[in-house]
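Asks: Numbering (this note's numbering), first residue to last: 43 to 329.
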Ligand SMILES: C[S@@+](CC[C@H](N)C(=O)[O-])C[C@H]1O[C@@H](n2cnc3c(N)ncnc32)[C@H](O)[C@@H]1O
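1) Measuring only the C-alpha atoms, how far is residue 238 from residue 296?
2) Just reading off the beta strand (DSSP E) that residue 141 is part of, what are its end residues?
3) Taking the alpha carbon of residue 316 as the reference point, which residue from 263, 248, 326 has its own alpha carbon closest?
4) Exposed or buried, which one is residue 98 when buried takes at least 16 other CB atoms within 10 Å?
5) In three-state DSSP terms, what is residue 149?
6) Whose CA, out of 303, 329, 306, 277, lies closest to the CA of residue 65?
7) Sorry if obvious, but does the Cβ on residue 178 come closer than 6 Å to a heavy atom of ligand 1?
8) Going by DSSP in three states, residue 271 sits in which element: helix, strand or coil?
9) Taking the straight line between their C-alpha atoms, what separation do you get for residue 112 and residue 90?
10) Does the distance from the C-beta atom of residue 267 to that of residue 314 stay below 7 Å?
11) Could you tell me if residue 218 is buried or exposed, where buried requires 16 or more neighbouring beta carbons within 10 angstroms of its beta carbon?
12) Which residues bound the beta strand (DSSP E) around residue 185?
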């Protein structure tokens, strides 16, 4: 298997994978409010051949398979653990038109003209060389094929990221423990927001050969669990929080848990913990 995004492969085959799997296996998956909007934008028709980029545990892949049948859907992801879950779930659902493959989408040996549609739910922001990666997706699509994905807008628009991270990084503010906040401009860069700038996003896709690139803003709450404790646990296993915990002056696990419970409490309601998320829904074509 040829992997060029080795840091990502390591991250998504480590502790983050089990954590993400737990967040997406719930009846109320973390990004569930966006999935049908994404699939509608992809306009999948019966018989379509669909590629799901960074499919994770395969919820989008399974839903796409229902829409595409008798067409086939391939989910590709770096994470062996998440793909195991995806395969079990597809087989339990009795889907026979789904396959999963472990690989790096940036260099995966796709068949040329092999797909009518490529979709991704938050699986396209982590490429070290995004133009090369999208060029590979472009190669995999047939002429006239469609690309539809969701990715985060700017960090400052995404409370689910800024609220916990600014609290964790701001905890040393004198006399303001647990309420200290770091200015979002001083938070470390995260690959998560690499496509947040719509001009950059359009430029990357155009250089990869796509046309009709349309980023549309979509606001949808993200579901972080039934209560503040489940939500805090989910954050504790996420990549950005793991990175804070590993810093020499980072908080202890229990200190971080306490901070996170406080951070998510204002977002707890009858449906569990819901924090606003700001995304781009992007559509484009291979000419
Ligand atoms: C935020 S998760 C989203 C997973 C899934 N699409 C969902 O909505 O639950 C990002 C996923 O992208 C995958 N990923 C990141 N870079 C990738 C690459 N270069 N090739 C294949 N998968 C990649 C990760 O392994 C991870 O499963």
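We put the beta carbon where it would ideally sit given N, CA and C, even for glycine.
Replies: Let's see:
1) Their backbone Cα atoms lie some 32 Å apart in a straight line.
2) Counted as a single uninterrupted DSSP element, the beta strand (DSSP E) harbouring residue 141 occupies residues 140-144.
3) When C-alpha distances from residue 316 are compared across 263, 248, 326, the shortest belongs to 263.
4) Buried.
5) DSSP places residue 149 in coil when its eight states are reduced to three.
6) Each of 303, 329, 306, 277 was checked against the Cα of residue 65, and the nearest Cα belongs to 277.
7) Incorrect: residue 178 has no Cβ contact closer than 6 Å to ligand 1.
8) DSSP places residue 271 in the helix class (H, G or I) of the three-state scheme.
9) Going by C-alpha positions, residue 112 is about 8 Å away from residue 90.
10) The answer is yes: Cβ separation under 7 Å.
11) Any reading at residue 218 must be qualified, since the residue scores a pLDDT of 49, below 50, and its modelled position is unreliable; the value itself is stated next. When all chains shown are included, residue 218 counts as exposed.
12) Unbroken beta strand (DSSP E) run through residue 185: 183-194.
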